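Right, one structure below, let's go through it.
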Amino acid sequence: MASAADRAKSPVRTSVWLDQRTPSRTRKPDQAAGLDRERITATSVRLLDAEGLAKFSMRRLAAELDVTAMSLYWYVDTKDDLLELAMDSVYSEFRPPSEDAPWQHRLRGLATEYRELLVRHVWVSTLAGHFLNIGPHAMLMSYAVQDVIRATGLPLRHQTGALSAVFQFVYGFGTIEGHFAQRSAAAGISQEEYYQQAMGTIRAQPRLRQIMESSQQVMDARGGNTVEEMRDRDFTFALELLIAGIEAMRDR
């Protein structure tokens with residue numbers, strides 16, 4: 564087993580979930596009472612939600628827990644290990660629909676759950692593209708998704724393609740939606756205000772006006788009085804297109 568220092572320096576990192584060492588349960592005399600991996604992980608999630616990935620550090624986490632930064636390394640080897648733990652912990656919020664429901668209903672439910680998770684925890688999309696998603700909660704989520712795709716009746720050779728079509732779409736949609744909400748909050752204005760200011764700035768550019776007029780016709784036809792309504796309409800219709808595509812390919 565590689566040492567913590569070797570793992571931190573290695574250009575090819577595996578995962579905290581592949582570290583089979585049994586952690587010590589003995590608390591050192593200078594360690595804070597009540598400090599454990601679960602509490603550290605929960606506090607990490609709260610800080611990541613509130614302040615974002617860029618501002619997260621072991622020193623900032625230690626200050627929030629009122630402990631020394633070095634004491635955290637009694638529970639994790641590296642900051643990356645802790646980020647993996649935090650990412651997997653939020654996957655526990657994922658609630659798959661009943662297995663008795665039609666696959667179309669289940670797929671809509673799973674896609675909606677994933678979208679909402681990505682918006683609640685904006686930092687997750689970055690980590691999901693960086694780390695292996697093999698924690699216990701991520702694996703349960705993966706099983707639920709694969710089970711629904713199997714229920715579509717598609718041949719085995721096409722099931723991974725269907726899974727990618729739906730859930731990479733949701734990943735991209737939820738990531739953009741979450742970042743937009745984050746930018747609005749950082750600017751101290753609502754998403755409606757942010758959207759209107761952005762559109763006003765674009766319309767004020769002569770070279771973009773013609774493109775914007777054409778785009779406005781499409782947006783007006785879509786309907787929706789708020790940013791949230793417009794996004795929901797787009798998400799719902801795009802998901803229905805994917806479900807219809809799966810049905811058509813299965814029947815073919």
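Oh and the sequence shown: position 23 is 586 in our numbering, straight run, nothing missing. Quick reminder that beta carbons are idealized off the backbone N, C-alpha and C, glycines included. Since the structure is predicted, the reported quantities are computational estimates derived from the model, not experimental observations.
Exercise for the section: Using the Cα positions of Ser578 and Val687, report the straight-line distance between them to the nearest angstrom. Expected result: Using only the alpha carbons, I get a separation of about 16 Å.
Problem - Through-space distance from Ala625 to Ala632, alpha-carbon basis - result: Their backbone Cα atoms lie some 5 Å apart in a straight line.
Handout entry: Within-8 Å CB hit, Gly735 to chain B
Key = Here there is only one protein chain, and chain B is not present.
Practice task
On a CA-only basis, which of Gln773, Tyr757, Leu673, Ile765 is nearest Glu791? Give me that one, please.
Solution key: Ranking the options by Cα distance to Glu791, first place goes to Tyr757.
Problem - C-alpha distance - Val708 paired with Gln768, whole-angstrom precision - result: Separation of Val708 and Gln768 (C-alpha to C-alpha, rounded to the nearest whole angstrom) is 44 Å.
Problem - Inter-stretch contact at 8 Å, needing at least 3 Cβ pairs: the region 632 to 647 / the region 665 to 674 - result: Contact check between the region 632 to 647 and the region 665 to 674: fewer than three CB pairs, one atom from each, fall below 8 Å, which does not count as touching.
Problem - Cβ-Cβ distance between Val682 and Gly741 below 8 Å - result: Val682 places its beta carbon less than 8 Å from that of Gly741.
Practice task
Alpha carbon to alpha carbon, how far is Glu676 from Leu805? Give it in angstroms, no decimals.
Solution key: For Leu805 and Glu676, the distance between alpha carbons rounds to 17 Å.
Exercise for the section: Mind the definition here: the region 711 to 718 touches the region 747 to 764 only if three or more C-beta pairs lie below 8 Å; say whether that holds. Expected result: Between the region 711 to 718 and the region 747 to 764, the count of C-beta pairs closer than 8 Å stays below three; the two stretches do not touch.
Problem - Assigned secondary structure, Glu755 (DSSP; H/G/I helix, E/B strand, else coil) - result: Of the three classes helix, strand and coil, the one that applies to Glu755 here is helix, per DSSP.
Problem - Cβ-based neighbour list, Arg813, same chain, cut-off 7 Å, excluding 5 preceding and 5 following - result: Correct list, in chain order: Thr715, Gly716, Leu717.
Handout entry: Short Cβ contact (8 Å threshold) for His700 with Ser652
Key = Yes, Cβ-Cβ distance for His700 and Ser652 is below 8 Å.
Handout entry: Candidates Ala613, Asp783, Phe743, of which the one nearest Arg796 by Cα
Key = Minimum Cα distance to Arg796 is reached at Asp783.
Problem - Spatial distance of Thr799 from Phe619 (CA atoms) - result: Taken atom to atom, the span from the alpha-carbon of Thr799 to that of Phe619 is near 34 Å.
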